[in-house]
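Notes follow the structure.
2 protein chains.
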Amino acid sequence: MTETHTSMELAVEKLREAILSGTLLPGDKLHQDRLAEMLGISRTPLRAALTSLTQAGLVTYESNRGFAVREFSLDEVAGAFAVRAELEAMACRLAAANMTEEDARHLAGLVNDGDRLLETGELKPENLGDYRRMNVEFHTAVMRLSGNPWIRTFIQSLHNVPAASDRVIMWRDFKVIERSHDDHRRIARALSQGQGERAAALMREHITFALEHLHQQLQLYPQDFLRVPNLNKPVKRRMGGRSKRTNP
Amino acid sequence: MTETHTSMELAVEKLREAILSGTLLPGDKLHQDRLAEMLGISRTPLRAALTSLTQAGLVTYESNRGFAVREFSLDEVAGAFAVRAELEAMACRLAAANMTEEDARHLAGLVNDGDRLLETGELKPENLGDYRRMNVEFHTAVMRLSGNPWIRTFIQSLHNVPAASDRVIMWRDFKVIERSHDDHRRIARALSQGQGERAAALMREHITFALEHLHQQLQLYPQDFLRVPNLNKPVKRRMGGRSKRTNP
DNA sequence: ATTTCCAAGAATGTATCCATATATGCAAGT
DNA sequence: ACTTGCATATATGGATACATTCTTGGAAAT
Chain E
10 MTETHTSMEL AVEKLREAIL SGTLLPGDKL HQDRLAEMLG ISRTPLRAAL TSLTQAGLVT
70 YESNRGFAVR EFSLDEVAGA FAVRAELEAM ACRLAAANMT EEDARHLAGL VNDGDRLLET
130 GELKPENLGD YRRMNVEFHT AVMRLSGNPW IRTFIQSLHN VPAASDRVIM WRDFKVIERS
190 HDDHRRIARA LSQGQGERAA ALMREHITFA LEHLHQQLQL YPQDFLRVPN LNKPVKRRMG
250 GRSKRTNP
Chain A
10 MTETHTSMEL AVEKLREAIL SGTLLPGDKL HQDRLAEMLG ISRTPLRAAL TSLTQAGLVT
70 YESNRGFAVR EFSLDEVAGA FAVRAELEAM ACRLAAANMT EEDARHLAGL VNDGDRLLET
130 GELKPENLGD YRRMNVEFHT AVMRLSGNPW IRTFIQSLHN VPAASDRVIM WRDFKVIERS
190 HDDHRRIARA LSQGQGERAA ALMREHITFA LEHLHQQLQL YPQDFLRVPN LNKPVKRRMG
250 GRSKRTNP
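Protein sequence lines correspond, in order, to chains E and A. Okay, so the first sequence: first residue is 10 according to my numbering, each after it adds one. Okay, so the second sequence: first residue is 10 according to my numbering, each after it adds one.
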């Protein structure tokens with residue numbers, strides 16, 4: 010069984026990673042020839058990848074004017090959190106009715122993993138990746154347990170909104186992390202006991218606070234977030250670029 | 010001033026229409042050469058269109074095995090209604106806080122349009138298109154008023170689920186239409202008076218009932234919905250082939 | 001008769017080439 | 001000096017040709 014990766018799929022992954030990690034900044038124009046050369050493929054699969062990412066919401070497209078990395082307003086980011094809160098709360102209500110013993114154990118296990126990662130009283134940098142994975146898996150598990158596939162689909166695309174993604178855990182305040190993890194613990198227990206409304210309320214607050222906290226962090230450390238959307242930039246940034254152009 | 014429609018965008022429209030209208034049935038394999046010829050374009054823009062539709066959720070794709078019209082399970086259809094109910098209820102809560110006089114008038118106007126279309130005590134076939142447009146515009150307006158762009162985005166993609174689309178109004182029972190329209194009236198008034206929770210409750214029921222009604226209709230008139238997904242159709246016509254074997 | 005293997009056909013994936021639309025820069029006119 | 005218009009350059013959109021993978025039909029062996 011060959012893991013047949015078509016090169017368009019590879020391009021999608023590479024580009025998604027580049028955009029979400031900030032290598033490509035919002036507003037950057039996605040020049041087909043250069044990108045194709047950088048990725049070592051031709052323009053055909055690249056265009057397919059860009060088309061795909063356009064529908065996924067990561068890039069924008071205008072006829073005859075090409076693709077560009079999508080920019081998000083603060084309102085859109087806030088809206089993303091609001092919808093996340095609502096849909097994941099919904100997932101809790103639904104999941105509570107479907108929980109089996111095994112499901113309960115799985116969630117409890119994830120909470121346990123978090124306990125271990127935080128037991129030193131801090132979130133060590135080398136544990137950040139594991140904590141993030143645990144966090145993602147917890148939320149994903151709840152949505153899966155809801156039995157409604159659309160919830161996962163939509164939350165997934167909300168994670169393409171840079172600041173709304175649960176990829177980012179830049180919480181400097183350990184107390185906030187601890188509280189957040191305690192939310193998980195309570196949610197897991199509430200779900201296991203069939204307390205759907207309670208779990209939903211916890212989840213809604215869990216996510217709503219994340220937005221509030223983001224706002225605070227944005228006030229305190231704007232430079233961490235404000236990769237300034239280069240508005241009508243005079244600067245042509247190129248990624249790893251070999252510049253082969255000679256004009257000024 | 011040419012309405013510069015790139016031929017990929019045209020293909021997207023044509024295909025979307027063909028799929029939603031049932032010309033292309035769920036499970037149908039989307040043969041690139043044939044489709045390209047039918048649409049009068051080459052495979053390049055066609056593939057772009059298919060890629061786009063894949064992300065939009067109307068078709069599926071597997072590496073080296075091509076595209077096909079997506080099939081939806083009854084569970085997925087039900088799930089679509091459930092999420093619609095939740096998100097549009099959310100839109101009501103948000104919209105109630107944002108309503109201006111003009112917004113109120115707009116909604117009232119739409120309700121009025123519906124009144125006129127139904128005043129004869131029936132929904133005449135020639136009015137069905139107008140009624141549908143009014144219905145779509147009403148729901149769209151509420152979502153727009155919510156100020157959260159994601160709600161519209163997601164509901165939009167739920168309308169790609171054939172039976173969950175509000176394109177279909179195949180209500181034979183006039184009482185059901187009348188009640189549904191009365192829901193609109195109450196929702197419009199509730200929103201205008203800032204009664205967000207009430208509007209949300211009405212909207213949730215409005216949509217939840219639509220699913221229940223769909224279930225009923227599906228029991229009564231299954232043939233209207235069950236456009237049978239033609240599983241591995243035996244048409245293997247090879248033209249120009251040298252082996253002309255007589256049909257059994 | 002059934003199964004296995006191989007080869008030819010067909011369809012998909014990718015690269016390259018051509019056409020068209022947009023952007024840029026220079027010249028001419030006011 | 002500024003604006004306008006045109007010519008050239010550049011980028012994107014689409015078509016065709018080529019490569020790779022999958023499917024299918026048949027022959028040989030058990």
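Virtual Cβ for every residue (Gly too), placed ideally from N, Cα, C. This structure is a prediction, so every number in the text was calculated from the model and none was measured.
Beta carbon proximity, residue i to chain E, threshold 9 angstroms
| i | result |
| --- | --- |
| Arg246 (chain A) | At Arg246 (chain A), the pLDDT of 28 sits below 50, so the modelled position is not reliable and the matter cannot be decided from this model. |
| Asn136 (chain A) | no |
| Gly73 (chain A) | It is worth fixing the name first, because residue 73 (chain A) is Asn in this sequence and not Gly. Asn73 (chain A) counts as touching chain E. |
| His14 (chain A) | yes |
| Gly156 (chain A) | yes |
| Thr32 (chain A) | no |
| Lys23 (chain A) | no |
| Ala89 (chain A) | yes |
| Met212 (chain A) | no |
Member of the options whose CA lies at the smallest distance from the CA of residue i
| i | options | result |
| --- | --- | --- |
| Val120 (chain A) | A:His193, A:Ala105, A:Asn107 | A:His193 |
| Gly75 (chain E) | A:Thr15, A:Tyr140, A:Asn73 | A:Thr15 |
| Lys184 (chain E) | E:His222, E:Phe163, E:Arg25, E:Ala65 | E:His222 |
| Met152 (chain A) | A:Pro134, A:Gly130, A:Val170, A:Ala106 | A:Ala106 |
| Gly118 (chain E) | E:Gly130, E:Ala150, E:Ala172 | E:Ala150 |
| Thr129 (chain A) | A:Leu48, A:Ser61, A:Glu187 | A:Glu187 |
| Ala210 (chain E) | E:Gln225, E:Leu96, E:Pro171, E:Ile50 | E:Leu96 |
| Ser155 (chain A) | A:Val21, A:Thr109, A:Glu22, A:Leu220 | A:Thr109 |
| Asn73 (chain E) | A:Met17, A:Ala45, A:Gln204 | A:Met17 |
| Cys101 (chain A) | A:Leu39, A:Ala199, A:Gln228 | A:Ala199 |
| Arg79 (chain A) | A:Arg25, A:Leu127, A:Arg141, A:Ser51 | A:Arg25 |
| Ser161 (chain E) | E:Arg181, E:Ala98, E:Leu39, E:Arg114 | Here the sequence assigns Arg to residue 161 (chain E), which means Ser is not the residue at that position. Here the closest residue by C-alpha is E:Ala98. |
| Arg207 (chain E) | E:Asp37, E:Ala87, E:Arg56, E:Arg195 | E:Arg195 |
| Ala197 (chain A) | A:Ala77, A:Ser30, A:Gly36, A:Leu116 | A:Leu116 |
| Arg181 (chain A) | A:Gln225, A:Arg43, A:Gln204 | A:Gln225 |
| His40 (chain E) | E:Asn157, E:Asp139, E:Tyr70 | E:Tyr70 |
| Asn169 (chain A) | A:Glu22, A:Leu29, A:Lys23 | A:Leu29 |
| Ala45 (chain A) | A:Gly66, A:Val68, A:Leu19, A:Pro35 | A:Leu19 |
| Leu62 (chain E) | E:Arg114, E:Val21, E:Pro35 | E:Val21 |
| Pro158 (chain E) | A:Arg141, A:Phe81, A:Leu103, A:Arg213 | A:Phe81 |
Any chain A beta carbon closer than 9 angstroms to residue i
| i | result |
| --- | --- |
| His168 (chain E) | no |
| Gln64 (chain E) | yes |
| Tyr96 (chain E) | Per the sequence presented here, residue 96 (chain E) reads as Leu, with Tyr not at that position. Answer yes: the Cβ-Cβ gap between Leu96 (chain E) and chain A drops below 9 angstroms somewhere. |
| Leu160 (chain E) | One point to set straight first is that residue 160 (chain E) is Ile, not Leu, in the sequence displayed. Yes, Ile160 (chain E) lies at the interface with chain A (some Cβ there is under 9 angstroms from its Cβ). |
| Met152 (chain E) | no |
| Val78 (chain E) | no |
| His190 (chain E) | no |
| Ala57 (chain E) | yes |
| Ala20 (chain E) | no |
| Glu26 (chain E) | no |
| Thr217 (chain E) | no |
| Ser61 (chain E) | yes |
| Glu85 (chain E) | yes |
| Thr149 (chain E) | no |
| Phe183 (chain E) | no |
| Thr69 (chain E) | no |
Residue i - partner residues in DSSP beta bridges
| i | result |
| --- | --- |
| Ala77 (chain A) | A:Lys38, A:Thr69 |
7 angstroms Cβ shell around residue i - same chain, five flanking residues per side excluded
| i | result |
| --- | --- |
| Val145 (chain E) | Asp175 |
| His190 (chain A) | Gly123, Leu127 |
Classification of residue i by the beta-carbon crowding that lies within 10 angstroms, buried from 16 upward
| i | result |
| --- | --- |
| Arg125 (chain E) | exposed |
| Thr60 (chain A) | buried |
| Met47 (chain A) | exposed |
| Asp84 (chain E) | exposed |
| Leu229 (chain E) | exposed |
| Arg56 (chain E) | buried |
| Gly49 (chain E) | exposed |
| Pro231 (chain A) | exposed |
| Asp37 (chain A) | buried |
| Pro134 (chain A) | exposed |
| Gly203 (chain E) | exposed |
| Gly205 (chain A) | buried |
| Gly88 (chain E) | buried |
Spatial neighbours of residue i in its chain, beta-carbon cut-off 8 angstroms, leaving aside the 5 residues before and after
| i | result |
| --- | --- |
| Val92 (chain A) | Phe163, Leu167 |
| His148 (chain A) | Glu97, Ile164, Asp175 |
| Phe90 (chain A) | Ala173, Ile216, Thr217, Ala219, Leu220, Leu223 |
Cβ-heavy atom distance, residue i to the ligand FMN, below 8 angstroms
| i | result |
| --- | --- |
| Ala113 (chain A) | Absent from the structure shown: the ligand FMN. Ligands present: none. |
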